[in-house]
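Protein chains in written order, with my numbering: chain A, 140 to 359; chain B, 140 to 359. Below: one structure, written as structure tokens.
Number of protein chains: 2
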Amino acid sequence: MTIEPSGNKRDGIVEIPRKPVNRTEKRVAKTQKKLLSAALEVFSEYGVDAATIDDITQRADLGKGTFYRHFSDKAEIMGCLIDQAIEKLIGKLRNMDAGATIEDALEHIINMHYQFFLENQEEFILLFQGRLFLKLDRRITEQMEEPFNRYFEAIESLLSPYVSEKMDMLRIRRFACAVAGFVFGFFSFAMIGMESEEIETGIKPLRQSFVKSLSSFLVQ
Amino acid sequence: MTIEPSGNKRDGIVEIPRKPVNRTEKRVAKTQKKLLSAALEVFSEYGVDAATIDDITQRADLGKGTFYRHFSDKAEIMGCLIDQAIEKLIGKLRNMDAGATIEDALEHIINMHYQFFLENQEEFILLFQGRLFLKLDRRITEQMEEPFNRYFEAIESLLSPYVSEKMDMLRIRRFACAVAGFVFGFFSFAMIGMESEEIETGIKPLRQSFVKSLSSFLVQ
DNA sequence: GTCGAAAGTGACTATATAGTCAATAATGAC
DNA sequence: GTCATTATTGACTATATAGTCACTTTCGAC
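Structure (structure tokens):
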């Protein structure tokens, strides 16, 4: 049983990860999972750049060689984590009640981001770090942009029912940027001087205002 | 003439940087400036963690030892840059026309952020990176938080004239977080899929809506 | 011009990290 | 059980970076 070092979802063809059947496959899956969750912890604690492979394998309680059997380098495991996090966030966005108004839809989007932020602070930090890779290194960026585009597309498809035919994709993209920016930005800045409960009570009235602004922007 | 390696504004007492008088002082000032601007470039290109001292000194066309004569390490020069950037941003915020309405004040805040973003993309990236140091390493964080607090206070003092007496500081702080979050977040995300002109046309209607919502939030 | 003091230099050392690989352990097929 | 296959290991090498320091250059006082 050989593991393709770069055999993850990010290489064009999506690999169907069929359920592990025997002990070896289970062990491999368990090892990969340990590595991924250790990397997530370490990346969000120290930052992606500052984190070392040794940090990851020590946190995972595995030998260093094992890391290189599963991932070719730090960028690859980072890519997998970004993918995972975005999928989780998109999953939350998808399950929306039918027959919702546009305000409902917007509330839903913001609430789901908030929930994601509360439940997955490490992933939240990771996504924001990933976001900022943008200007940092073009090579990593291009590899990174694809999952973010899927994220924007998820927001767009949620909102397209409410949007007039004439509104072009660019306009919706702008809108998605604003939502993502507001939600991520608010929580990011809120972290500086606010306790968790404060964030909750603080975001509520702002969220209402924001929803009003955005819906009037969309239907205009 | 001796340079205190940690003799910058960040250590409690604010040092008055009197104008250089002789050639030596001019040379020192020039060297420091070269180091700072090289560091700014390098940090925003590669990321603070990934950037090395050699990157900085090579970019500045100076010997490595010179760096250590002016700054004790990377964190210190980073601190100076954050300070500088925040000061620049606060400076922009301050010069507001007297007799402005609350909508004017909000517009002004958002416009100044936008201008800062356009004119100082490197600083913008740096501040956002600094912002995220939060969860990454507590030691660096505490050193970092002080300028961000000054930033929040600048926003608060701009808005306090319009706010009812009963509104407590915490509430205003929340508001400042939301504004900063929205503006920084929007631009950060906008970078992913938008050209510069698109950002400008994209932000405009959102800004108007946002201002309306926020002012009603403040005066309520 | 001379001289003392401070700024600037870059080769050097010490250290930390990435990535390798020969050896070991676990597993499945028979 | 035996054996072939493959996952796992961690000591090892190669390399990159932080930080130092003896030396050179620049400057100002006289």
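Heads up, the beta-carbon is just placed ideally off N, CA and C, and yes, glycines get one too.
Assign residue i to one of three DSSP states: helix, strand, or coil.
| i | result |
| --- | --- |
| B/Thr240 | coil |
| B/Thr191 | coil |
| B/Asp150 | Note that B/Asp150 scores a pLDDT of 41, beneath 50, so its modelled location is shaky; the value from the coordinates is reported in the next line. In this structure, B/Asp150 counts as coil in the three-state DSSP scheme. |
| B/Met306 | coil |
| B/Gly341 | helix |
| A/Val350 | helix |
| B/Ser296 | helix |
| B/Ser211 | coil |
| A/Gly186 | coil |
| B/Val181 | helix |
| A/Asn250 | helix |
| B/Val160 | coil |
| B/Gly320 | helix |
| B/Asn288 | helix |
| A/Glu334 | coil |
Counting C-beta neighbours from all protein chains within 10 Å, is the total for residue i 16 or more, i.e. buried, or is it exposed?
| i | result |
| --- | --- |
| A/Asp193 | exposed |
| A/Tyr290 | buried |
| B/Arg346 | buried |
| B/Gln171 | buried |
| B/Met360 | The structure shown has nothing for residue 360 of chain B, since chain B only spans 140 to 359. |
| B/Glu154 | For B/Glu154, the predicted structure reports a pLDDT of 45, less than 50, and the residue's modelled location is therefore unreliable. The matter cannot be settled from this model. |
| B/Ala237 | exposed |
| B/Ala178 | buried |
| A/Gly324 | buried |
| B/Glu262 | buried |
| A/Asp212 | exposed |
Between residue i and chain B, is the shortest Cβ-Cβ distance under 8 Å, so that the two count as touching?
| i | result |
| --- | --- |
| A/Lys351 | yes |
| A/Ser130 | The structure shown does not extend to residue 130 of chain A, since chain A spans only 140 to 359, so no value can be given for it. |
| A/Gly341 | yes |
Counting only beta-carbon atoms, is residue i nearer than 8 Å to chain A?
| i | result |
| --- | --- |
| B/Pro286 | no |
| B/Ser348 | yes |
| B/Phe130 | The structure shown does not extend to residue 130 of chain B, since chain B is modelled only from 140 through 359, so no value can be given for it. |
| B/Cys316 | yes |
| B/Leu228 | no |
| B/Leu345 | yes |
Exercise for the section: Taking only beta carbons into account, state which residues of the region 295 to 313 of chain B come closer than 9 Å to chain A, listed in chain order. Expected result: Leu309, Arg310, Arg312 and Arg313
Problem - Selection of the region 323 to 337 of chain A by Cβ proximity to chain B, strictly under 9 Å - result: From the region 323 to 337 of chain A, only Phe323, Gly324, Phe325, Phe326, Ser327, Phe328, Ala329, Met330, Ile331, Gly332, Met333 and Glu337 have a Cβ closer than 9 Å to chain B.
Exercise for the section: Return the residues of the region 182 to 212 of chain A that lie within a Cβ-Cβ distance of less than 7 Å from chain B, sorted by chain order. Expected result: Ser183, Glu184, Tyr185, Gly186, Asp188 and Ala189
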